Amino acid sequence: MMSSFADRVIVVAGSASGMGLATSKTLISKGAKVAMCDLNGKGLENFRNELDPEIQSRVLVKSVDVISRQGVESFLAETMAHFGKIDGVVNFAGTGGHELGTQSIWETSDEEFQFIVDLNIRGAFNFLAESLKPGVLTDGGSFVHVGSMFSTQGFLRGAVFAGSKHASLGMVRSAAKEVGGRARVNCVLPGAIDTPMHRANLERVQDFPAPTLVGGAQEVADVTVFLLSDKSTFVNGAAWSVDGGAGL
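So, in structure tokens, the structure goes:
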């Protein structure tokens, strides 16, 4: 069913795997034109090359480092030049760091702190700031930031990670107030989702706190696509939990 996304142009950051890739695939299947960016440019190219030629014409891919504001600005400008407009932006780019679940706050190095903050806060800021500049999103456009269930609670041996996710949610809610009615700004808060990043954490740390509830990437994609669609025009400044009730 293509009705709400035919001729729509959506930017998906952090889209080479996991939830971002699932969201991109869903948007493409609904007729959208999708501009995909990720630090893993090779993964994006491989995905695009596997698509039918007609579909390839609706997909733009590029390696972008989200901690570079200039890089984000350039990619958005390239998307507008290529497709003529941008109707929605969704940012999945983020990290749990290298030591999630293993280090107390007093054991966290300055380097690890900066790595997490740069990607989870600066990256979120860059996409919010550049996407919400007047003239970038079409009137009534939608911005969706994908945070975490730990945007609203603590994480044992993951204080900087949780703190960074709290910060990005605060920016989303503030930005929703600032843009007024010309765009909607919302946040999705996934719980444990079966993605390459989640599986890597379980394999890396023997005593990593394994969740009892694990969702699929498509479940997050479906909520994200809803927030990008015309079916959510009265939803703004909201944080949607997709965690199976784990955050209750």
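In the working numbering, each residue carries its 1-based index in the sequence shown increased by 44.
Backbone N, C-alpha and C define an ideal beta-carbon position, used for all residues, glycine too.
These numbers come from a predicted model, not from an experiment.
TODO: Please work out which residues of its chain come closer than 6 Å, Cβ to Cβ, to D68, disregarding the five sequence neighbours upstream and downstream, and give them in chain order.
DONE: With the sequence shown as reference, residue 68 is identified as Ser, and Asp is not the correct amino acid for it. Here S68 has V56, S59, V78 and M80 as same chain residues with Cβ atoms under 6 Å from its own Cβ, once five neighbours each way along the sequence are excluded.
TODO: Report, in whole angstroms, the separation of the C-beta atoms of I237 and G260, which I expect to be a contact under 8 Å.
DONE: Taking 8 Å as the upper bound for CB-CB distance, I237 and G260 are in contact here, some 7 Å apart.
Task: V279 versus L271 - alpha carbon distance - done: 8 Å
- [ ] Please report the residue range of the beta strand (DSSP E) in which H189 lies.
- [x] L181 to V190
Open item on the list: So, for G191: in the same chain, excluding its five sequence neighbours on each side, which residues have a beta-carbon less than 6 Å away from its beta-carbon?
Closed with: In chain order, K209, S212, L213, C231 and L233 place their CB closer than 6 Å to the CB of G191, counting only its own chain and leaving out the 5 sequence neighbours on each side.
Task: Limits of the unbroken beta strand (DSSP E) element including N93 - done: No beta strand (DSSP E) contains N93, which is instead part of the alpha helix (DSSP H) from G85 to N93.
Task: Rounded straight-line distance, which links the Cα of E143 to that of L104 - done: 33 Å
Open item on the list: In whole angstroms, give me the CA-to-CA distance for T239 and G291.
Closed with: Between T239 and G291, the C-alpha separation is close to 19 Å.
Task: According to DSSP, residues forming a beta bridge with R228 - done: In DSSP, R228 forms a bridge with S186.
Open item on the list: Measuring CB atoms only, is the region 158 to 176 touching the region 212 to 227, in the sense that at least three cross pairs come out at less than 8 Å?
Closed with: Inter-segment contact for the region 158 to 176 and the region 212 to 227 is present: three or more beta-carbon pairs are separated by less than 8 Å.
Task: When K177, V53 and E156 are compared against G140, the one with the closest alpha-carbon - done: E156
TODO: Would you tell me roughly how many angstroms separate the C-alpha atoms of T182 and D131, rounded to the nearest one?
DONE: 5 Å
Open item on the list: To the nearest angstrom, how far is the alpha carbon of I72 from that of G85?
Closed with: Each residue's alpha carbon lies about 18 Å from the other.
Task: Contacting residues, own chain, Cβ-Cβ under 6 Å from R226 (five flanking each side not counted) - done: Only D183 meet the Cβ criterion.
TODO: Please go through the same chain and pick out, in chain order, the residues whose beta-carbon is closer than 6 Å to the beta-carbon of G87, but skip the five residues on each side of it.
DONE: Only A60 meet the Cβ criterion.
Open item on the list: So if DSSP puts G132 in a beta bridge, which residue, or which two residues, is it bridged to?
Closed with: I54 and S186
Task: Best match in G128, L95, G138 and N93 for proximity to G179 [C-alpha to C-alpha] - done: G128
TODO: Using the Cα positions of V267 and S276, report the straight-line distance between them to the nearest angstrom.
DONE: 10 Å
- [ ] Let me know the secondary structure DSSP gives D82 once reduced to three states.
- [x] strand
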